[in-house]
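**Q**
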Amino acid sequence: READLRGANLSGADLREADLRGANLSGADLREANLREANLRWAVLREADLRGANLSGANLREADLREADLREANLREANLRWAVLREAYRSIDDAEIPGWAVADGRLERA
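If you count the sequence shown from 1, position 31 lands on 31 in the numbering used here, and the numbers rise without skipping.
1. If we count the other Cβ atoms within 10 Å of its Cβ and call it buried at 16 or more, is N59 buried or exposed?
2. Excluding five sequence neighbours on each side, which residues of the same chain lie with their C-beta closer than 7 Å to the C-beta of L55?
3. Would you mind sorting N9 into buried or exposed? The rule is 16 or more other CB atoms within 10 Å of its CB.
4. By the 10 Å Cβ neighbour count, where 16 or more other Cβ atoms means buried, how is D4 classified, buried or exposed?
5. What distance in whole Å lies between the Cβ atoms of R81 and R194, which are believed to be in contact at a cut-off of 8 Å?
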């Protein structure tokens, strides 16, 4: 069963390599959280605050990132294939993610 962590305060949490597949993290505070190599496939991160979070090597495949704040998040080597971004952000458009492009509201390898 997927974890329901809607609105949770996880700011600064060490969630390195955590299995959060399908977790509902809508509106969660994940500022400065360490999510390095975490499995967030199918996770719902709508309106989550991920400012400054370390998502390097994280699996965000098919994650819902609509309206998530990713300013200053480390997305190096993150798997963002088919992540949903439409309505998402102000930050994805501003952030340059090497090797990735937004197409039809989803991230795809450039």
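Ideal Cβ positions, reconstructed from N, Cα and C, are used throughout, including at glycine. As the structure is a prediction and not an experimental result, all values here were calculated from the model.
**A** With the structure as the only source:
1. With 16 or more Cβ atoms within 10 Å of its Cβ, N59 is classed as buried.
2. Excluding sequence neighbours, L55 sits near L35, A73, N74, L75 and A78.
3. Answer is exposed; the Cβ neighbour count stays below 16.
4. Residue environment for D4: exposed (fewer than 16 other C-beta atoms within 10 angstroms of its C-beta).
5. In the structure as shown, the chain begins at 1 and stops at 110. Residue 194 is therefore absent and cannot be evaluated.
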